[in-house]
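In numbering that gives the first Met the number 0, the protein residues as written are 0 to 177. Heads up, the beta-carbon is just placed ideally off N, CA and C, and yes, glycines get one too. As structure tokens, the structure follows; a few thoughts come after it.
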Amino acid sequence: MEEERGGPPGPFADLEVIRIEAGMPTTRFVELVGIPLRTYRRWQAKARVGHPPKGPWPAPVRAQHRESVVEIAKEHPAWGHRKVWATARYAGHRLSMSSVLRVLTEADLIQRADYQRERRKLAQARKAAFALTPTRPNQVWQFDFSEFETIAGGTWRVAGIADYWSKYEFGWHWSPTA
């Protein structure tokens, strides 16, 4: 018994406790559980010396390019991992798109995958603003007004009109100011 020899329980402490309490030898126990004996012995040996049973695996490519990828992502926070990857490749870094995604995820610089769900919920709330949902064109129009400053000190104003139901753009009006 490993417990009598002074070693700590294996990586699956619950299984090891059950095995020890049942007084069952390791060979018979792994047959019942369906784990190869060699695998279970390796896990036990790693647990005795204090190593984790699996991982963390070395990631030399990620470690080598981490700083530059994080720097690019921080310079352009609106970019996703694909654009950061393309910029890194252009700068001469040889790494895959998935490595860039992993680096950005580890650095907490990437949006969660479920942000689309949040956008859909917001769109639902906007649709709920209508007493009667539009069912055909020309029932609800949307207006958009924006202002852009120029480096010369002037301002451009733009106004756009779109039909809510068909998403048809009726046009934009641009006007400069002094």
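Could you tell me the distance, in whole angstroms, from the CA atom of arginine 206 to the CA atom of alanine 21? Look at the range of the chain in this structure, 0 to 177, and you will see that residue 206 is not part of it.
C-beta contact flag for arginine 81 and methionine 96 at 8 Å: Position 82 of the sequence shown holds residue 81. Position 97 of the sequence shown holds residue 96. Yes, these two residues count as a Cβ contact at 8 Å.
Who pairs with proline 175 in a beta bridge, going by DSSP? Locating residue 175 in the sequence shown gives position 176, where the first residue counts as 1. Paired residue(s): Trp155.
Start-end ranges of the alpha helix (DSSP H) lying completely within the region 114-164, minimum 4 residues: 114-126
With aspartate 107 as the anchor, note down where its alpha helix (DSSP H) starts and where it stops. Counted from its first residue, the sequence shown places residue 107 at position 108. Taken as a continuous stretch (DSSP letters only), aspartate 107 belongs to no alpha helix (DSSP H), as it is neither H nor E.
Give every residue of the same chain whose Cβ lies closer than 7 Å to the Cβ of valine 60, excluding the five residues on either side of it in the sequence, and list them in chain order. Here residue 60 refers to the residue found at position 61 of the sequence shown. Here the set comprises Leu94 and Ser98.
Cα-Cα, which of Gly170, Arg135 and Phe147 is closest to tyrosine 163? Residue mapping note: residue 163 aligns to position 164 of the sequence shown, counting from 1. Checking every option, the nearest Cα to that of tyrosine 163 belongs to Arg135.
Proximity winner among Val48, Leu108 and Gly91, relative to histidine 75 (alpha-carbon distances): Within the sequence shown, residue 75 is the residue found at index 76, counting from 1. The candidate whose alpha carbon is nearest that of histidine 75 is Leu108.
Cβ neighbours of leucine 103 in the same chain (closer than 8 Å, five flanking residues each side left out): Here the question's residue 103 lines up with position 104 in the sequence shown. Excluding residues within five positions, the ones whose Cβ falls inside 8 Å are Val68, Val69, Ala72, His80, Val83 and Ile109.
Rounded straight-line distance, which links the Cα of alanine 130 to that of histidine 172: As a position in the sequence shown, residue 172 is number 173, starting the count at 1. As a position in the sequence shown, residue 130 is number 131, starting the count at 1. Straight-line Cα distance between these residues: approximately 30 Å.
Return yes when the Cβ of phenylalanine 28 is within less than 8 Å of the Cβ of arginine 41, no when it is not. As a working note, residue 41 is residue 42 in the sequence shown. As a working note, residue 28 is residue 29 in the sequence shown. No. Outside cutoff.
CA-to-CA distance, alanine 161 to alanine 85, given in whole angstroms: For the purposes of this step, residue 85 is taken as residue 86 along the sequence shown, with counting starting at 1. For the purposes of this step, residue 161 is taken as residue 162 along the sequence shown, with counting starting at 1. If I take the Cα positions, the gap works out to 35 Å.
Alpha-carbon spacing of alanine 58 relative to threonine 38, whole angstroms: Within the sequence shown, numbered from 1, the residue matching residue 58 stands at position 59. Within the sequence shown, numbered from 1, the residue matching residue 38 stands at position 39. Roughly 24 Å separates the two Cα atoms.
State the CB to CB distance for the pair arginine 156 and glutamate 146, rounded to an integer number of angstroms; the pair is presumed to be in contact (CB under 8 Å). As a position in the sequence shown, residue 156 is number 157, starting the count at 1. As a position in the sequence shown, residue 146 is number 147, starting the count at 1. 5 Å between Cβ atoms; contact.
Where arginine 88 and glutamate 66 are concerned, what is the direct C-alpha to C-alpha distance, given to the nearest angstrom? Taking the first residue of the sequence shown as position 1, residue 88 is located at position 89. Taking the first residue of the sequence shown as position 1, residue 66 is located at position 67. The straight-line gap from Cα to Cα measures roughly 14 Å.
Out of Ala46, Leu14, Arg47 and Lys45, which one is the CA nearest neighbour of leucine 31? On the sequence shown, residue 31 is found 32 positions in, with the first residue counted as 1. Of the listed residues, the one whose Cα sits closest to leucine 31 is Leu14.
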